[in-house]
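Following the working numbering, the numbering of the sequence shown begins with 1223 at its first residue and continues without gaps.
Quick reminder that beta carbons are idealized off the backbone N, C-alpha and C, glycines included.
Below: the structure, in structure tokens.
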Amino acid sequence: MVTTDAGNSQPTETRMIGRALRLAPSRAHILGLERSTIRRRLVENPAFRDGPLHVITGGRQEGKTTLAMQWLLDAPDGTERVLVVANSDQASHIRREHGLKQKDPRIIGYRTLINQGPREGVQYGIDDTAEVLTRLLGLTETPHLLTVGYAAPWQG
């Protein structure tokens, strides 16, 4: 999306990162959303999540994978977590960078997950989601837009 600043006739790129409803919601819409959220807390099973608990965004080399690794390695006792990445080479690189054994099953390429199938009770995280989707969907370039629903704290 290209817009212009009020005092500048040069186009500037608008970055759409954040909640969609924060772009330009009406007051009535905000109030309706708040009422809906309260209603959902009363009737929905809290184990159902709208989406992931965590969404990490940032530019290249800003620490997204480091945060993903912190999530993986800080799993509570009795919780099994797996980080899914774009391919087995990237999985090996991340294991090496973090001093893990090369056969550590907690970091896998998405094709490994497809071949093995998901395991019940495992918490999966995806690093570099756009790259995984690009490869999975056979796209020739990275998607220009991703939307991600997320779980509210009461759903976590």
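DSSP lists no beta-bridge partner residue for residue 1336. Annotation for residue 1297: 1303, 1345 place their beta carbon closer than 8 Å to its own, counting only its chain and skipping 5 residues before and after.
Inclusion of residue 1307 and residue 1336 in the CB contact set at 9 Å is not warranted, their separation being larger than that value. Taking 9 Å as the cut-off, the Cβ atoms of residue 1369 and residue 1363 do not count as close.
Secondary structure at residue 1318: helix, using DSSP grouped into helix, strand and coil. Residue 1333 is positioned such that its CB atom lies no closer than 9 Å to that of residue 1324.
A distance below 7 Å between beta-carbons, with the five flanking residues on each side excluded, links residue 1314 to the following residues of its chain, in chain order: 1324. At a Cβ-Cβ threshold of 9 Å, residue 1305 and residue 1289 do not count as neighbours.
DSSP, read as helix, strand or coil, puts residue 1368 in coil.
Counting the other Cβ atoms within 10 Å of the Cβ of residue 1354 gives 16 or more, which makes it buried. The Cβ neighbour count for residue 1254, taken over all protein chains shown within 10 Å, is under 16; the residue is labelled exposed.
Boundaries of the alpha helix (DSSP H) around residue 1292: 1286-1295.
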